[in-house]
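Colleague:
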Amino acid sequence: MSFSQFELHPDLLKAVQHMGYKEPTPIQQQAIPIAMSGRDLIGCAQTGTGKTAAFALPILHKLHPTRRAQIRALILTPTRELAAQIYEVLQGLTAYTKIYTAAIYGGVGMPPQERALRLGTDVIVATPGRLLDLIKRGIGRFDGLEVLVLDEADRMLDMGFLPDVKRIISHLPSQRQTMLFSATMPAEILQLSGQILQNPATVQIGRQSKPAEGITQSAYPVAQHLKTDLLLTLLEAEAMESVLVFARTKIRTERLARHLKESGHKAALIHGDRTQGQRLAALEGFRERSYRILVATDIAARGLDIDGISHVINYDVPMTPEDYVHRIGRTARAKAIGEALTLVAPGEEEFLSAIQRLTKIEIPRQTVPEFDYHRALKPRPQHDGRRHKRFNGRAKRRNAYAAY
Ligand code: AMP
50 MSFSQFELHP
60 DLLKAVQHMG
70 YKEPTPIQQQ
80 AIPIAMSGRD
90 LIGCAQTGTG
100 KTAAFALPIL
110 HKLHPTRRAQ
120 IRALILTPTR
130 ELAAQIYEVL
140 QGLTAYTKIY
150 TAAIYGGVGM
160 PPQERALRLG
170 TDVIVATPGR
180 LLDLIKRGIG
190 RFDGLEVLVL
200 DEADRMLDMG
210 FLPDVKRIIS
220 HLPSQRQTML
230 FSATMPAEIL
240 QLSGQILQNP
250 ATVQIGRQSK
260 PAEGITQSAY
270 PVAQHLKTDL
280 LLTLLEAEAM
290 ESVLVFARTK
300 IRTERLARHL
310 KESGHKAALI
320 HGDRTQGQRL
330 AALEGFRERS
340 YRILVATDIA
350 ARGLDIDGIS
360 HVINYDVPMT
370 PEDYVHRIGR
380 TARAKAIGEA
390 LTLVAPGEEE
400 FLSAIQRLTK
410 IEIPRQTVPE
420 FDYHRALKPR
430 PQHDGRRHKR
440 FNGRAKRRNA
450 YAAY
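Residue numbering for the sequence shown follows my numbering, beginning at 50 and increasing consecutively.
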């Protein structure tokens with residue numbers, strides 16, 4: 050199948066060709082004709098499936114070539130990185146049109162974003178918090194809005210954005226086309242779909258929560274206090290050209306990045322408390338291979354689209370199987386191959402079992418022959434007994450990760 054079968058405007062086909070897309074991905078094949086017909090859509094798709102172009106092309110086809118100096122399409126997405134990434138795809142796809150696009154997210158100055166809203170930029174891609182701030186100040190008119198996209202709806206839910214999303218939707222015309230994309234379909238998202246979509250078609254690509262093909266997975270059982278040393282040993286492999294390492298918390302991300310740098314590695318880091326400038330600089334440096342390693346938390350790395358990540362390493366086992374699938378989906382993008390390694394401390398075995406159950410894949414266990422797995426345990430920090438009792442559940446989880 051080729052893109053020309055969609056009867057997209059020739060200016061868009063030219064851009065698709067220019068971007069090097071030869072044939073539509075499965076979600077594009079299914080979603081583009083439905084979206085072009087004007088129907089509401091629910092897309093359940095894994096990461097790296099090409100879903101951005103799946104919703105962007107029908108939107109641009111609808112908008113091009115008439116300009117109205119109105120906001121006509123709004124794409125809401127959970128993180129600044131995703132907003133920047135979608136904006137970039139839109140820039141590519143609109144290269145031969147006069148459609149204006151703008152990205153609106155926190156952490157950067159407001160005036161250019163205010164201007165974009167005031168001038169009636171055709172397509173706005175935004176994170177919910179910043180857009181709502183601007184709307185509350187009376188900036189931006191949405192009465193000409195024709196299409197709304199909710200991207201990564203499940204992650205917007207996880208990040209607590211649903212109330213903001215609902216408030217934004219209350220400012221939009223009810224007559225519009227709505228597309229909702231989500232890798233998983235928790236009850237709250239299904240409920241939201243019932244409220245904001247009309248007679249939607251559903252497109253599901255692959256089995257839900259299945260890692261992309263082309264990713265070789267392995268688990269490395271290791272004592273919690275030896276994780277950093279084992280990681281350093283694993284990083285000695287030359288095949289590890291470009292490595293994304295996930296840690297569970299901002300503090301662990303900071304500490305690990307510091308250790309890696311002290312050990313002579315070129316490493317950058319991103320997490321939610323870094324400034325926008327720091328995050329962009331880390332991503333750019335990693336993309337351009339100035340850094341071999343990027344250490345990240347889940348939220349900061351959600352949906353990152355970086356070509357050529359050879360290895361994803363889970364320094365901590367993610368607590369939900371969905372996060373595991375998202376994390377390892379950062380490698381083997383767009384049909385390439387990659388490897389995903391997961392360091393598993395004894396207290397994390399239960400999370401690994403949950404991942405194996407959901408993905409229906411038995412992740413092979415590996416050991417590094419030259420690594421000394423029996424080095425002495427360092428003493429654990431003392432916990433206050435009362436806290437243990439009161440926060441038993443949380444303490445149990447925390448202990449699973451207690452470092453060093
Ligand atoms: P997405 O799931 O939208 O983040 O896209 C994942 C990656 O696939 C991005 O790098 C896109 O540029 C790329 N991509 C999207 N559609 C196609 C296509 N039809 N052919 C080749 N690559 C594509």
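Glycine residues also receive a C-beta, built at the ideal position from the N, C-alpha and C atoms. Please read these numbers as outputs of a predicted model, since none were measured by experiment.
Can you tell me whether DSSP reads Tyr422 as helix, strand or coil?
Modeller: Residue 422 sits at position 373 when you count from the first residue of the sequence shown. It is coil, neither helix nor strand.
Colleague: Output needed for Pro107: all residues of its chain with C-beta closer than 7 Å, excluding positions within five of it in sequence on either side, in chain order.
Modeller: Within the sequence shown, numbered from 1, the residue matching residue 107 stands at position 58. Here the set comprises Ile81, Ala84, Met85.
Colleague: In angstroms with no decimal places, state the Cα-to-Cα distance between Arg204 and Thr302.
Modeller: Working through the sequence shown from its first residue, we reach residue 204 at position 155. Working through the sequence shown from its first residue, we reach residue 302 at position 253. Between the C-alpha atoms of Arg204 and Thr302 there is a straight-line separation of about 20 Å.
Colleague: Which class does Pro107 belong to by DSSP, given the choice of helix, strand or coil?
Modeller: Reading the sequence shown from its first residue, position 58 is the one you call residue 107. Residue state, collapsed to three classes: helix.
Colleague: Rounded C-beta distance between Ile76 and Gly99? I'm assuming under 8 Å.
Modeller: One-based indexing of the sequence shown puts residue 76 at position 27. One-based indexing of the sequence shown puts residue 99 at position 50. Between Gly99 and Ile76 the Cβ distance is about 6 Å, and since that is below 8 Å, they are a contact.
Colleague: So what's Pro59 in DSSP terms, helix, strand or just coil?
Modeller: Along the sequence shown, read from residue 1 onward, the residue named residue 59 stands at position 10. Here Pro59 sits in helix by DSSP.
Colleague: Identify whether Gly69 lies in helix, strand or coil by the three-state DSSP scheme.
Modeller: For the purposes of this step, residue 69 is taken as the residue at position 20 of the sequence shown. Coil at Gly69, not helix or strand.
Colleague: Mind checking who Met228 pairs with in its DSSP beta bridge?
Modeller: Here residue 228 refers to the residue found at position 179 when the sequence shown is read from its first residue. Answer by DSSP bridge pairing, in chain order: Leu90, Val198.
Colleague: Looking at ligand 1, does it come within less than 7 Å of Thr74, judged from the CB to the closest heavy atom?
Modeller: Here the question's residue 74 lines up with position 25 in the sequence shown. Under cutoff, so the answer is yes.
Colleague: According to DSSP, Phe295 sits in a beta bridge with which residue or residues?
Modeller: Numbered from 1 along the sequence shown, position 246 holds the residue referred to as residue 295. In DSSP, Phe295 forms a bridge with Ala345, Asn363.
Colleague: Does the distance between the C-beta of Thr233 and the nearest non-hydrogen atom of ligand 1 fall short of 7 Å?
Modeller: Numbered from 1 along the sequence shown, position 184 holds the residue referred to as residue 233. Thr233: no, Cβ never under 7 Å from ligand 1.
Colleague: Out of curiosity, what's the CA-to-CA distance linking Leu305 and Ala102?
Modeller: Mapped onto the sequence shown, residue 305 falls at position 256. Mapped onto the sequence shown, residue 102 falls at position 53. Looking at the two C-alpha atoms, the distance is approximately 35 Å.
Colleague: Along the chain, where does the alpha helix (DSSP H) containing Gly387 start, and where does it finish?
Modeller: Translated into positions along the sequence shown, residue 387 becomes position 338. Residue range 387-393 is occupied by the beta strand (DSSP E) that includes Gly387, with no alpha helix (DSSP H) assigned at that position.
Colleague: At a cut of 8 Å, does the stretch 133-152 reach the stretch 166-183 through at least three beta carbon pairs?
Modeller: yes
Colleague: What separation, rounded to the nearest whole angstrom, lies between the Cα atoms of Tyr70 and Glu262?
Modeller: Here residue 70 refers to the residue found at position 21 when the sequence shown is read from its first residue. Here residue 262 refers to the residue found at position 213 when the sequence shown is read from its first residue. Spanning the two alpha carbons is a distance of roughly 19 Å.
Colleague: Flag Asp203 as yes when its Cβ comes closer than 7 Å to any non-hydrogen atom of ligand 3, and as no otherwise.
Modeller: Ligands displayed in this structure: ligand 1; ligand 3 is not among them.
Colleague: Going by DSSP, name the residue or residues bridged to Thr265.
Modeller: Position 216 of the sequence shown, counting from 1, holds the residue named residue 265. As computed with DSSP, Thr265 is found in a beta bridge with Glu388.
Colleague: What number of angstroms, rounded off, separates the C-alpha of Thr265 from the C-alpha of Ile386?
Modeller: As a first step, residue 265 must be located in the sequence shown, where it is residue number 216. As a first step, residue 386 must be located in the sequence shown, where it is residue number 337. Roughly 8 Å between the two C-alpha positions.
Colleague: What separation, rounded to the nearest whole angstrom, lies between the Cα atoms of Gly321 and Gln244?
Modeller: Against the sequence shown, residue 321 aligns to sequence position 272. Against the sequence shown, residue 244 aligns to sequence position 195. C-alpha separation (whole angstroms): 30 Å.
Colleague: In terms of residue numbering, what span does the beta strand (DSSP E) encompassing Val172 cover?
Modeller: Against the sequence shown, residue 172 aligns to sequence position 123. 172-175 is the extent of the beta strand (DSSP E) around Val172.
Colleague: Can you tell me whether Val252 is helix, strand or coil according to DSSP?
Modeller: Along the sequence shown, read from residue 1 onward, the residue named residue 252 stands at position 203. It is a strand residue.
Colleague: Please confirm whether Val393 and Val271 have their CB atoms less than 8 Å apart.
Modeller: Working through the sequence shown from its first residue, we reach residue 393 at position 344. Working through the sequence shown from its first residue, we reach residue 271 at position 222. In contact: Val393 and Val271 (Cβ atoms closer than 8 Å).
Colleague: Shortest alpha-carbon distance to Arg323 belongs to which of Arg341, Ser312, Ala345, His110?
Modeller: Locating residue 323 in the sequence shown gives position 274, counting from the first residue. Closest by alpha carbon: Ala345.
Colleague: Quick one: what does DSSP say Arg190 is sitting in, helix, strand or coil?
Modeller: Here the question's residue 190 lines up with position 141 in the sequence shown. Collapsing the DSSP output to three states places Arg190 in coil.
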